[in-house]
Structure formats: structure tokens, C-alpha cells
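Residue numbers (this note's numbering), protein chains in the order written: chain V, 232 to 417; chain W, 232 to 417.
Using N, Cα and C, we set each Cβ at its ideal position, and we do this for glycine too.
Quick caveat: nothing in here was measured; it's all calculated off a predicted structure.
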DNA sequence: CGGTATCGATACTGCTAGTAGCGTAATATT
DNA sequence: AATATTACGCTACTAGCAGTATCGATACCG
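See the structure below:
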């Protein structure tokens, strides 16, 4: 069993540090079985833990997948960006992430679930989208409305292509998408 | 019970003409309960028919919703279009349709289901998307790749906004979307 | 050692998509 | 008018999944 990561001073048995293993299991299970067949039972089994442990940490399947996505979309390439390149590298980075095994499947699936689940929508919006939106507002110096529009276009387009074809978007279409978005901001 | 619409000459009891009632029930049920809670049982009850009758006509819930969407997106405003206006009116028409009660909910829901269901993806692609793509290819004189890209951007963006906020896109953002797409084609 | 909180395991509820079977109703043909 | 054929409503059913409850065992803190 993995060792604890719980803050010192807390009474009781600390939580085992299996978050990384759960995310890895989510990734492979999503990739191999798809969103619908990637049940919480199967993800737990792939991670070598009990299903109840997952529900102790995340309140729903959607929350688990959102946490997986937050982890997957951590550390966007913002520091070493050349301002002259504009949004191109960022769009390509998002497209590459969505093309990773399991990520696009999980993203499209949880997004769909969120459409009719306000609680999940809140989690998805707060934990996954909002931090990136705030960062983009600062970096681009654009209005919140403009940033939200850009996010909708980039993410929506990539997910729609993935959903309709089952395949991630090809590089030249990603380039076209990046160029189109760049023109919006100029 | 509604009268038949079956082609003459066919033996046996003709199908009652309840398709329109089923679509109307789908619309209101989707609008009032959302995609997940709009079960086939409830849609059938709202239409005043048995659930089994629905499954005699459409092989799955996804196929039913797709048929509803095909009906909802019939007759795009192409005839009386001024070529000078470009894609603007068409984008606004799609946005208005998605903003209709039940339509956006059904669209986002069936699209999500399709991500991990190849059979449904085939139905959705063939019956709903392909006819419009072919029409656009003819009218715009653009390559198939270009048209598919435009469809992904327009539909993906509108559905993503709907999914994240629960509300259809506001008019000025729709106008921005139309303008952006227009520049891609110029 | 005692207190506390997590873990694995098992069993369970509630809901939904989709199927099966049957008696009945509607139409075309003869 | 009788018959063949197909659809209809109804009821019951299966299979699968999200999420919950319970409990003995375990790990850490003081």
C-alpha cells in the first residue's frame, strides 16, 4: 500500500496516497473501454483499490473524472511562451492533451454528463475551466467574455471532432483552428 | 388513435401516425426533465403510447433522439439566402434551433452518448450531419474537409457553451461566431 | 496503549435501456 | 364476410451501473 500524504497532526489513519494510481487507472480504462464501460468498479479494480475508497475521495463519477482532467491539464506551457506566437502553442497543447489516450474520451463523456447535472457542471466549471480562464484573462489582457468565447471555440471544436469521428483532430486542422482563433484576438 | 400513414398495398395493420406526437413529447420532456431523466418510458407516456411502440420504430434511445433532431433541423434557410450575407444567417439559424426548448439538451445528450457508441455515431453522422454537409459542399463550393471543419466549429462551440452554462449562446456571441466563420471562408 | 479515521469486502437499493410474450385491433386480400 | 398479416398496449422481465450501508481490520498520532 502506498504511504500517506495526509497533513501532519490529523488524527486517525491517514489516507493512502493512491490518487496517482487512480488517475492512471482512469486513463487506461477510459482508453480501453470508453466512457460508458469505464465504470467506477472497473477503475477501482484497475487501481488495485476498493470502489468505496474512490467514493470517500470524490462524490461522484463525474467528480472523479473531473479530478483526472484537472491533473491531466495541469501545467500548460505559459512560462516559456513567446508572445509573438500568440495562442498557437496553447491551442496545439490543448489539442495534444485531448488526443492523449483516455483524455479526450473522459473529457467528452464528463462534459456530456454535465449538461443535465448542475452539481457536476459546478464542479467542472470551478475546478477545471475557471483556473485556466483566469490565467488566460491575465496573460491575454482580454475581457472575460472574450476568453470564454475562445475557450468554447477551441474546446468545443476539438471535442465535437472527437465525438463525431472517434479520432482526434489532425494537425493541419489544429493549425487552422489556432490561426482562426488568433485572428479573433487581433 | 391517429390514422395510418403506411404506404398502400402493405399487408397487416398499418402503423399509427404518431411520429409527430413522439417528437413533440420528446421536445417537452427533454425541456422539462433534461436528457438523463427524459427516459423512453416518460417520453412514451407523454406521447400517449406504449414504450414498445417506440422501440418498434427506433432501435435505441439515441436513434429516437437523432430522428427528433433530424426533424427539428429540417428545412434550413438556404433558398432565400442572399449570397452576400454568406454564412451569417445559417449560423444564426443553427444557434436559434439549439436555443429552442429541448433541442439543445437533446443534441448535447445524444452527442455525448455517441462518443462511446459507434452504432449511434453512425446513425448520427449519416442521418443528421451528412445531409447538411453535402448541401453545404454544393452551396459553398468548398472542400469536404473545409465544410467539416466549419461544422465542428459552429456546432461544437454552441454545444460547449450550452453544456457549460446550461443556457444558449447570447446573440452578440453568435454574431461573433458567424463573423469568425465567415473570415475562414474568405 | 487508546483514540480516530481509513481501508477492503460484501451486500444492497434504485433507476434505466432494452427484450419477450400475449391478447387485441386494424388493414388488405380473397 | 372470413383470413392473413402486421401493429398496438400491456405486463413482466433481464442486465448493468451509480451510489450507499455496514463491519471487521488496519495504520497512524499522542
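Here residue 322(V) has 385, 405, 408, 409 and 412 as same chain residues with Cβ atoms under 8 Å from its own Cβ, once five neighbours each way along the sequence are excluded. Residue 372(W) is not a Cβ neighbour of residue 266(W), given a cutoff of 9 Å. Secondary structure of residue 356(W) (DSSP, three-state): helix. Within chain V, no C-beta atom comes less than 7 Å from the C-beta of residue 259(W); the nearest is roughly 15 Å away. Residue contact with chain V for residue 270(W): absent (no Cβ-Cβ distance below 9 Å to any residue of chain V). Scanning chain V for C-beta atoms nearer than 7 Å to the C-beta of residue 356(W) yields 395, reported in chain order.
In this structure, residue 261(W) lies away from residue 307(W), with their beta-carbon atoms at least 9 Å apart. Comparing alpha-carbon positions, the option among 363(V), 253(V) and 394(V) lying closest to residue 335(V) turns out to be 394(V). Shortest Cα-Cα distance from residue 310(W) to any of 251(W), 246(W), 366(W) and 381(W) involves 366(W).
Only residues of its own chain outside the window of five on either side were considered, and among them 320 have a CB closer than 7 Å to the CB of residue 312(W), listed in chain order. Rounded to the nearest whole angstrom, the CA to CA distance from residue 361(V) to residue 294(V) is 15 Å. Here residue 414(W) is exposed. Its C-beta has fewer than 16 other C-beta atoms within 10 Å.
Below the 9 Å Cβ cutoff, chain W contributes 343, 346 and 347 as neighbours of residue 266(V), in chain order. For residue 313(W), the three-state secondary structure derived from DSSP is coil. Restricting attention to 242(V), 275(V), 244(V) and 382(V), the CA atom closest to the CA of residue 255(V) is found in 275(V). Residue 273(V) and residue 257(V) have their alpha carbons spaced roughly 9 Å apart. At least one CB of chain V lies nearer than 9 Å to the CB of residue 339(W). Every alpha helix (DSSP H) stretch that sits fully inside the segment 240–307 of chain W and reaches 4 residues is listed by chain position as 250–268, 271–278, 282–288 and 292–303. Taking 7 Å as the upper bound on Cβ-Cβ separation, chain W lies near residues 380 of the segment 369–380 of chain V. Annotation for residue 259(W): 277, 332 and 333 place their beta carbon closer than 8 Å to its own, counting only its chain and skipping 5 residues before and after. Close partners of residue 253(W) in chain V (Cβ separation under 7 Å) are lacking, with about 20 Å as the shortest Cβ gap.
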